[in-house]
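The block underneath contains the structure these notes are about, expressed in structure tokens.
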Amino acid sequence: SNTNIRWRLPAVCFVWQLSMIVLFGVFVRYNEESDTHWVDYRKEKNITSDIENDFYFRYPSFQDVHVMIFVGFGFLMTFLKRYSFGAVGFNFLIAAFGIQWALLMQGWFHSLDYTDGKIKIGIENLINADFCVAGCLIAYGAVLGKVSPVQLLVMTLFGVTLFAVEEYIILNVLHAKDAGGSMVIHTFGAYYGLSISWVLYRPDLDKSKHLNGSVYHSDVFAMIGTLFLWMFWPSFNSAIADHGDGQHRAAINTYLALASTVLTTVAMSSLFEKTGKLDMVHIQNSTLAGGVAVGTAAEFMLSPYGSLIVGFFCGIISTMGYIYLSPFLEEKLKIQDTCGIHNLHAMPGVIGGIVGAITAAAATNTVYGDLGLENTFDFTGPFNKRVPTIQGGYQAAGLCVALCFGIGGGIFVGKSLLILIQFKYTIQFSRNACGSEALCCDCLLCSGTGVLFGQCRMTLASQSS
């Protein structure tokens, strides 16, 4: 095999999993709510029922988010006519790879018990690990079909690390609020992937443009992913919001924004198609943009009509991005964005950050109430002197941090992958039957699933002839 996938991928997977076993053995323990000492903890805190355990509040949302990560993202990326196996299979691989590293990285920043040096994990840590992996799966959408599984694992390793750092800066240092991750997840993940795609640009991939499309059955499978994401997005945006009114409000705001986006997307898609027909790319992707954009302000008093407005404008912007901006990015800026993540995640994520900053700055005691304002923005402890106008500024600063980490981190990781390719594997490259350099096993030119799920179809055809 010209990619040596037979030893390279197994070696990486085995080394990684063995490393995780060792690191988890050294650092990770159950938190007080998942440990057998929960009974003692209940007595100490005068908790009368097990229903107060965080598991019963968070697990339904966790399961919804988990389905979004493995089913929603996986099936959404099956739209390519020759990449269905790779889209779902590699999505599964890097998600399972990433959640373990995320539990450690986020644990060191957020859940480290300094008395014994251990990371204490519970159900909320599992949700946050899924959120972290979501950023990496978004980045995967930009390079879908153009990198190998080993390169994807390297991307995920660095992506999770960068995510944990930028998340800590935005949520803890700046004390910005981002319940649905418009900034922390979507903006970072999208620009991280786009930057890597820009660095790894290869002109010979233009030969595979005819494969960068769908067929009837692949569009149907992609719509399954869309519907799972659309249905569970209210859980995604409310999963780690405060119990009670914050979580309730986040679900309502997301629900309304998503509904508004669907109608707007359908209208725009039909309006800009010459025959008036709908483009499935728009229906599969732009209909989700409202959920992305309302994420930061999900638990704020955005108001129901405000959520509809956010969804309305995101449907327009996202659909127009697919029609006009994606071709511009590829032709002029040499950014090959396979899934159009710039239109589904990047632009709506930036819009979400801006909406969050404006909504926070405009917050008043009249609308929120004194205790409501303090609780929503967590104006306690070292932040008890902060006021809404200042909070709005920090929200904007959080968006800038996400952009810097996404773009800067993506360029760094892309350059690292290039160095890895040029200096370690150059002598192993050979021309395959498709006419492209064998940089990866899942090139669009050779069906996207060449090594993991079978030989390149074009190679087999040439051998049989």
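Numbering (the UniProt record's numbering), first residue to last: 1 to 465.
Where a beta carbon is used, it is the ideal one built from N, C-alpha and C, also for glycine.
{"Check": "Spatially closest choice to Val15 from Gly117, Leu153, Leu103, Ala102, by CA coordinates", "Outcome": "Leu153"}
{"Check": "Option in Asn343, Phe300, Gly321 with minimal Cα separation from Pro388", "Outcome": "Phe300"}
{"Check": "Contained beta strand (DSSP E) runs [length at least 3] in the region 35–123, N- to C-terminal order", "Outcome": "118–121"}
{"Check": "Nearest neighbour of Gln391, chosen from Ala357, Leu417, Leu420 [CA to CA]", "Outcome": "Ala357"}
{"Check": "Residues that DSSP places opposite Arg29 in a beta bridge", "Outcome": "Lys120"}
{"Check": "Rounded C-alpha distance that separates Gly117 from Val22", "Outcome": "15 Å"}
{"Check": "Residues near Gly381 in its chain [Cβ-Cβ closer than 8 Å; skip 5 each side]", "Outcome": "none"}
{"Check": "Exposure of His37, with buried meaning 16 or more beta-carbon neighbours within 10 Å", "Outcome": "exposed"}
{"Check": "Stretch-stretch touch, CB-based, cutoff 8 Å, three pairs: the region 108–127 with the region 162–169", "Outcome": "yes"}
{"Check": "Where the alpha helix (DSSP H) containing Ile252 begins and where it ends", "Outcome": "245–272"}
{"Check": "Opening and closing residue of the alpha helix (DSSP H) in which Pro382 lies", "Outcome": "Careful: Pro382 lies outside any alpha helix (DSSP H) and carries neither H nor E."}
{"Check": "Met183 - containing alpha helix (DSSP H), residue span", "Outcome": "Run containing Met183: none; DSSP gives neither H nor E here."}
{"Check": "Gln395 beta carbon near the ligand SAH (any heavy atom closer than 7 Å)", "Outcome": "Among the components of this structure there are no ligands whatsoever, and the ligand SAH is therefore not found."}
{"Check": "Three-pair Cβ contact test at 8 Å for the region 173–183 versus the region 234–245", "Outcome": "yes"}
{"Check": "Three-pair Cβ contact test at 8 Å for the region 293–311 versus the region 319–334", "Outcome": "no"}
{"Check": "Integer-rounded CB distance, given that Gly98 should sit under 8 Å from Val160", "Outcome": "5 Å"}
{"Check": "Rounded C-alpha distance that separates Asn384 from Leu373", "Outcome": "11 Å"}
{"Check": "Residue burial classification, His66 (beta-carbon count within 10 angstroms, cutoff 16)", "Outcome": "buried"}
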